[in-house]
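Residue numbers (the numbering used here), protein chains in the order written: chain A, 1 to 114; chain R, 115 to 228.
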């Protein structure tokens with residue numbers, strides 16, 4: 001079956017613009033995660049969804065960041081009024097509900113804010 | 115709370131030499147431990163995981179890791195490095211009291227010298 005997909009693969013935007021990043025998880029995976037990976041750095045947790053609810057939003061860097069998930073499927077991460085420090089690869093992962101299950105990662109969206 | 119520490123952000127080994135990447139975790143309950151690999155310009159993929167049972171876990175591409183509770187460690191090893199092993203390696207932990215939350219280390223970049 002298909003893996004986790006993300007779109008767009010690359011996004012270049014101007015400072016101050018809003019962007020939307022999309023994630024399509026593996027069908028049947030109830031848990032969905034967003035991470036940010038800055039150049040040469042590790043994974044920075046942003047938010048995770050269990051079904052359509054987000055029990056943990058602690059990683060969102062500021063109120064410019066928001067995310068939603070509908071139908072226990074697709075998720076969108078929105079960044080408003082983008083800043084240059086938002087430039088990074090945004091990774092989405094999904095997993096089955098159980099905590100012992102591995103996460104399956106998408107290829108990421110590379111965001112560049114000029 | 116759970117956390118992961120990866121000692122050494124950069125490790126270099128000669129081709130054919132032993133690979134040892136260190137991971138220590140903290141968890142108040144039995145942990146579930148994972149190693150992920152990220153090859154250049156690719157997404158993260160699971161190398162191996164420990165949930166229960168045998169403490170020595172074998173993964174793909176000749177890698178293995180041993181869960182040592184007394185040392186709170188889950189170091190990744192490979193007897194003989196290959197050029198194709200050059201990548202970024204991430205250790206992660208989850209547990210029954212973190213819901214579906216995973217905690218990733220900051221990563222170790224492995225360079226293999228010919």
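Note that CB positions come from ideal geometry on N, CA and C, so glycine has one too.
Predicted, not measured: the structure shown is a model, and the values here were computed from it.
Query                                                                                                                          : Result
Min CB distance residue 163(R) to chain A below 8 angstroms                                                                    : yes
Chain A contact for residue 176(R) (CB, 8 angstroms cutoff)                                                                    : no
DSSP bridge partner residues for residue 118(R) (one or two, in chain order)                                                   : 139(R)
Enclosing beta strand (DSSP E) for residue 170(R) [first to last residue]                                                      : 170-172
Span of the beta strand (DSSP E) around residue 67(A)                                                                          : 65-69
Cβ distance (whole Å) where residue 115(A) is taken to contact residue 11(A) below 8 angstroms                                 : Given that chain A is displayed from residue 1 to residue 114, the structure contains no residue 115(A) and the question cannot be resolved.
Sequence-distant residues of the same chain with beta carbon closer than 6 angstroms to residue 138(R), five excluded per side : 119, 186 and 187
Cβ neighbours of residue 48(A) in the same chain (closer than 8 angstroms, five flanking residues each side left out)          : 31, 32, 33, 34, 54, 55 and 56
Inter-residue Cα distance where the pair is residue 133(R) and residue 37(A)                                                   : 25 angstroms
Length of the line joining the Cα atoms of residue 28(A) and residue 74(A)                                                     : 11 angstroms
Beta-carbon proximity check, residue 164(R) vs residue 206(R), cutoff 8 angstroms                                              : no
Other residues of its chain near residue 84(A): CB distance less than 8 angstroms, five sequence neighbours each side excluded : 15, 113 and 114
Burial state of residue 143(R) (16 or more Cβ within 10 Å)                                                                     : exposed
Outcome for residue 145(R) when other beta-carbon atoms lying within 10 angstroms are tallied against a minimum of 16          : buried
Distance between residue 8(A) and residue 21(A) (C-alpha atoms, nearest Å)                                                     : 7 angstroms
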